[in-house]
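Using mature numbering (1 follows the signal peptide of the UniProt record, and there is no 0), the letters of the sequence shown map in sequence onto residues -20 to -1, 1 to 201.
Here is the structure we will look at, set down as structure tokens.
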Amino acid sequence: MKRTLFVLLSICCYCLTSRAQDKPTSFRNSTYIKANVTTLINELDVYIEQELTQKLSLELGITGIYTDYPDYVLAKKIDFGQKKPDISTEQFVEGRGLGFRAALRWYIFSIYEGNSRAGGTYFQPVLFYKKVFYPNEEVEIMGNTYKESASKDVAGLQLLLGRQFKKDKIIFDPYIGLGIRSKIYNYSNYNNNNGTVQNSEGQLVSFFPSLQLGIKLGLKL
């Protein structure tokens, strides 16, 4: 009888030990790559999200800007009584640039269990910077040709609230939020001032709030 009890206890201990070994004991950091489909009209935003803990992840993004036409609409077509940069429509349309984003994402309510936890409702502060280069534009004054140049720097902070979820390996990441940004336009123009060619260097600085609304789509790597 004692031998039988000993054997049963041994089997139970072995089963409990095996189950404990099979159960994940550590958090596996997963990586996700995403693109913002709501900004494709003028730029390509690509992001990499790296899990740090079960509630926290780091998201880094790079932006390729292939036209600045939406900013032309905001800066020159919508009139709030603001000053307007002395940049032509063609320069806005042909503007090219590059941007960077860095964010920490805190998952407030997680919807997944197990090794992968980057899912659920999250809060995310985002810092970003963009640089746009406008093409030179030639103007002819008194038989001579001059080149006008322009550029733009954009920096800001966004506070986002979103809910990320996945189906198989596909990631859906809709979000909404508020932000504040600064825009600094620099431009160099030439004018005919009573028979004299005059070069004017201009700078326009503006600060304004912004509403963020969009969705990112991606894959779990």
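Ideal placement from N, C-alpha and C gives every residue a C-beta, glycine not left out.
In its own chain, which residues sit with a C-beta less than 7 Å from the C-beta of residue i, not counting the 5 before and 5 after it?
i, result
"LEU193", "ILE156"
"LEU191", "LEU158"
"LYS56", "LYS64"
"GLU181", "SER168"
"ILE67", "TYR114, ALA130, TYR165, TYR167"
"THR69", "TYR52"
What whole-angstrom Cβ distance do residue i and residue j have, given they're in contact under 8 Å?
i, j, result
"GLY99", "LYS146", "6 Å"
"GLY77", "LYS111", "5 Å"
"PHE80", "TYR109", "6 Å"
"THR47", "VAL73", "6 Å"
"ASN172", "ILE121", "5 Å"
"GLN144", "ILE151", "7 Å"
Taking 6 Å as the limit between beta carbons, can you name the residues of its chain near residue i, skipping five residues before and five after?
i, result
"SER129", "ASN116, SER168"
"LYS132", "VAL112, TYR165"
"GLN138", "VAL106, GLY157, GLY159, GLN192"
"GLN104", "ALA83, ARG85, LEU140"
"TYR87", "LYS35, GLY100, TYR102"
"PRO189", "ILE160"
"ALA135", "TYR109, SER162"
"SER186", "LYS163"
"PRO50", "ASN22"
"GLN75", "It is Gly, not Gln, that sits at residue 75 in the sequence shown. The residues are ASP48, VAL112, TYR114."
Got a sec, what are the start and stop residues for the beta strand (DSSP E) residue i sits in?
i, result
"PRO189", "176 to 200"
"GLU74", "From DSSP, GLU74 is part of no beta strand (DSSP E); its letter is neither H nor E."
"residue 210", "Here the chain has residues from -20 to 201 only, and residue 210 is not among them."
"PRO154", "150 to 173"
"VAL134", "124 to 147"
"ASN16", "11 to 16"
Could you check if residue i is buried or exposed, using at least 16 other CB atoms within 10 Å of its CB as the buried criterion?
i, result
"LYS196", "buried"
"GLY175", "exposed"
"GLY41", "buried"
"SER37", "buried"
"GLU39", "buried"
"ILE45", "buried"
"THR43", "buried"
"GLU118", "exposed"
"GLU29", "buried"
"ILE21", "exposed"
"ILE58", "exposed"
"ASN95", "In this prediction, ASN95 scores a pLDDT of 49, lower than 50, which makes its location untrustworthy; the coordinate-derived value is nonetheless stated afterwards. Under this definition ASN95 is an exposed residue."
"ASP153", "buried"
"GLN71", "buried"
Counting only the same chain and skipping the five closest in sequence on each side, list residues whose C-beta sits under 8 Å from that of residue i.
i, result
"ALA15", "LEU24, ASP25, VAL26, TYR27, LYS196, LEU197, GLY198"
"ASN9", "GLN30, GLU31, LEU32"
"ASN124", "VAL177"
"THR11", "ILE28, GLU29, GLN30, GLU31, LYS200, LEU201"
So, does the CB of residue i fall closer than 8 Å to a CB anywhere in chain B?
i, result
"LEU54", "Reference to chain B is not applicable here, since this structure consists of a single protein chain."
With residue i as the anchor, note down where its alpha helix (DSSP H) starts and where it stops.
i, result
"residue 204", "Since the displayed the chain opens at -20 and closes at 201, residue 204 lies outside it and no answer follows."
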